[in-house]
Structure formats: C-alpha cells, structure tokens
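Colleague:
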Amino acid sequence: MKPETNHVLDVKAADMRQRGTNCTNLSAGPADTATALRMSLRSRIMRSVKSENTLPELVVRSTLHRLGYRFRLHRPDLPGKPDIVFPRDQKVIFVHGCFWHGHDCVRGARVPKTNRAYWLSKIARNKARYSTQLSALEALGWQALTIWECQCRDVPALTRVMNRYLRRTSVVLKRQKPFSTRSQPIQA
Ligand SMILES: [Zn+2]
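All residue numbers for the sequence shown refer to my numbering, where the first residue is 2 and numbers rise by one.
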C-alpha cells in the first residue's frame with residue numbers, strides 16, 4: 002500500500018513540476034499554444050480544487066501517517082466536511098487550494114485575467130463560506146487548522162505546523178497510560 006502511495010505522490014509531484022514549467026512558458030509560446038496551455042492549466046487547477054484526494058491532501062495525509070497520527074477523512078456530518086478529522090480530540094484539518102480559497106501567496110494571486118470579476122467573486126464566496134463553516138465548527142466545540150497547498154511543498158515545515166497543532170494530543174496520550182498492561186498503538 003505504501004509504495005503505491007509514494008508512487009502516486011511521485012507521479013503527481015512530477016505533474017506539479019510540469020505544471021509550473023508550463024506556467025513559466027506561457028508568455029513565451031505562440032498565442033494559440035499559450036491559450037491551450039492556459040486552459041489546460043486552469044482545468045487542472047479546477048480539478049485539483051474541486052476533487053477530494055488532491056496532491057496537497059495526499060502530502061498532508063502521508064506526513065500525518067508517518068508521524069503516527071490516526072484520523073478520519075471527509076466526515077460529511079461536520080460543517081465544511083473537513084478533509085482530515087481527529088474525532089477524539091475534536092480537531093480537524095482543511096487542506097485548501099491556494100487559488101480556490103484566495104490564499105495570500107503567489108499561487109493564490111494568479112487569478113485568470115479572463116472573467117477576472119467572476120473568479121474573484123467565486124473566491125470571495127468560498128472564503129465567506131469557509132468562515133461560516135469555521136464558526137459552526139467552533140460552536141460545536143471543534144478546532145480547525147487550515148493547511149494551504151503551498152505549505153505542502155515544504156514537508157519539514159508542514160510537519161512542524163501539524164505537530165504544533167496536534168502535539169497536546171500525543172503528549173496527553175503518552176502520559177495518560179504510561180504503565181498500561183494493554184498494548185498501545187505505536188506512535189511512530
Ligand atoms: Zn498559498
């Protein structure tokens with residue numbers, strides 16, 4: 002299972018690099034080629050944003066697995082259907098595409114010039130919806146962490162952010178039953 006996951010990650014990472022290459026080449030190519038590439042790029046962005054199990058999600062999940070965290074995916078009964086759920090700790094993680102959710106980064110600022118007002122309004126609606134979902138989660142006693150697509154390129158930094166968010170959980174777990182006779186799930 003794990004080698005296959007890594008393979009998928011490698012393939013998708015290569016795809017992501019390719020996407021970056023296409024993007025820098027856009028201005029240099031002939032107009033029709035540039036348009037085709039731009040449309041292809043946009044449809045890829047759209048796909049990665051609208052679907053579950055995106056590359057950033059896979060990176061976050063595999064990092065969490067490696068750290069020994071256990072979690073549920075896409076729980077539909079919680080506001081916003083969070084990508085990653087830690088039921089016992091009442092904590093969730095949302096993995097957001099920078100374009101779709103209007104992140105304040107280079108990728109998030111890359112709004113298409115065509116139909117710009119449409120995209121900006123759509124992104125604004127997404128942000129407003131997310132804000133509402135966070136409030137609803139908070140009202141139910143849940144904590145939420147937003148992980149951005151761009152953060153997933155730096156796995157060591159990503160690891161630190163997630164450990165900081167979840168640390169209290171693992172410390173409590175380790176201290177609660179230090180001499181338990183029952184075997185504990187391995188956290189490594
Ligand atoms: Zn970003």
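Note that CB positions come from ideal geometry on N, CA and C, so glycine has one too.
Should Tyr-119 go down as buried or exposed, given a rule of 16 or more other Cβ atoms within 10 Å for buried?
Modeller: Working through the sequence shown from its first residue, we reach residue 119 at position 118. Of the other Cβ atoms in all chains shown, fewer than 16 fall within 10 Å of the Cβ of Tyr-119; this residue is therefore exposed.
Colleague: Hey, how far is the Cα of Tyr-70 from the Cα of Thr-160?
Modeller: Here residue 70 refers to the residue found at position 69 of the sequence shown. Here residue 160 refers to the residue found at position 159 of the sequence shown. Between Tyr-70 and Thr-160, the C-alpha separation is close to 12 Å.
Colleague: I need the DSSP call for Thr-64, collapsed to helix, strand or coil.
Modeller: Here residue 64 refers to the residue found at position 63 when the sequence shown is read from its first residue. Helix at Thr-64.
Colleague: Tell me which residue opens and which closes the alpha helix (DSSP H) that Thr-133 is part of.
Modeller: Position 132 of the sequence shown, counted from the first residue, corresponds to residue 133. Counting along the chain, the alpha helix (DSSP H) containing Thr-133 begins and ends at 117-140.
Colleague: Should the segment 90-103 be called in touch with the segment 141-153, which here means at least 3 C-beta pairs below 8 Å?
Modeller: yes
Colleague: Is the Cβ-Cβ distance between Val-112 and Leu-121 less than 8 Å?
Modeller: To locate residue 112, count along the sequence shown from 1; it is residue 111. To locate residue 121, count along the sequence shown from 1; it is residue 120. Yes, these two residues count as a Cβ contact at 8 Å.
Colleague: Rounded to whole angstroms, how far is the Cβ of Leu-68 from the Cβ of Asn-164, which I believe are closer than 8 Å?
Modeller: Along the sequence shown, one-based indexing puts residue 68 at 67. Along the sequence shown, one-based indexing puts residue 164 at 163. At roughly 7 Å, the Cβ-Cβ gap stays under 8 Å, so Leu-68 and Asn-164 are in contact.
Colleague: Just list the residues that DSSP pairs Arg-168 with in beta bridges.
Modeller: For the purposes of this step, residue 168 is identified with residue 167 of the sequence shown, where counting begins at 1. According to DSSP, which records beta bridges pairwise, Arg-168 is partnered with nothing at all.
Colleague: Which residue's Cα is closest to the Cα of Leu-167: Leu-65, Asn-116, Leu-59, Val-60?
Modeller: What you label residue 167 is simply residue 166 of the sequence shown in a count that begins at 1. Nearest option by C-alpha distance: Leu-65.
Colleague: So, with DSSP's three-state summary, where would you put Thr-147?
Modeller: Here residue 147 corresponds to residue number 146 of the sequence shown, with the count starting at 1. DSSP places Thr-147 in strand when its eight states are reduced to three.
Colleague: Does Arg-73 come out as helix, strand or coil in the three-state DSSP assignment?
Modeller: As a working mapping, residue 73 is identified with position 72 in the sequence shown. Three-state DSSP puts Arg-73 in a strand.
Colleague: Quick one: does the C-beta of Arg-154 sit closer than 7 Å to a heavy atom of ligand 1?
Modeller: Locating residue 154 in the sequence shown gives position 153, counting from the first residue. No - ligand 1 has no heavy atom lying nearer than 7 Å to the Cβ of Arg-154.
Colleague: Compare the Cα-Cα distances from Glu-139 to each of Ile-124, Gly-81, Leu-74, His-97 and report the closest residue.
Modeller: On the sequence shown, residue 139 is found 138 positions in, with the first residue counted as 1. Residue Gly-81 is the option with its Cα nearest to Glu-139.
Colleague: By the DSSP assignment, the beta strand (DSSP E) with Val-96 in it spans what residues?
Modeller: On the sequence shown, residue 96 is found 95 positions in, with the first residue counted as 1. Unbroken beta strand (DSSP E) run through Val-96: 92-97.
Colleague: Contact check, Gly-103 vs Ile-124 under 8 Å by CB: the rounded distance?
Modeller: Taking the sequence shown and counting its residues from 1, the one referred to as residue 103 is at position 102. Taking the sequence shown and counting its residues from 1, the one referred to as residue 124 is at position 123. Sure, about 4 Å apart at Cβ, within 8 Å.
Colleague: I'd like to confirm something about His-66: is its beta-carbon nearer than 7 Å to some heavy atom of ligand 1, or not?
Modeller: In the sequence shown, the residue the question calls residue 66 occupies position 65. Because no heavy atom of ligand 1 lies under 7 Å away, the Cβ of His-66 does not count as near it: no.
Colleague: If you run the structure through DSSP and keep just helix, strand and coil, what is Val-112?
Modeller: Against the sequence shown, residue 112 aligns to sequence position 111. Note: Val-112 maps to coil in three-state DSSP.
Colleague: Is His-104 close to ligand 1? I mean its beta-carbon at under 7 Å from any heavy atom of the ligand.
Modeller: Along the sequence shown, one-based indexing puts residue 104 at 103. Checking the Cβ of His-104 against ligand 1 gives yes.
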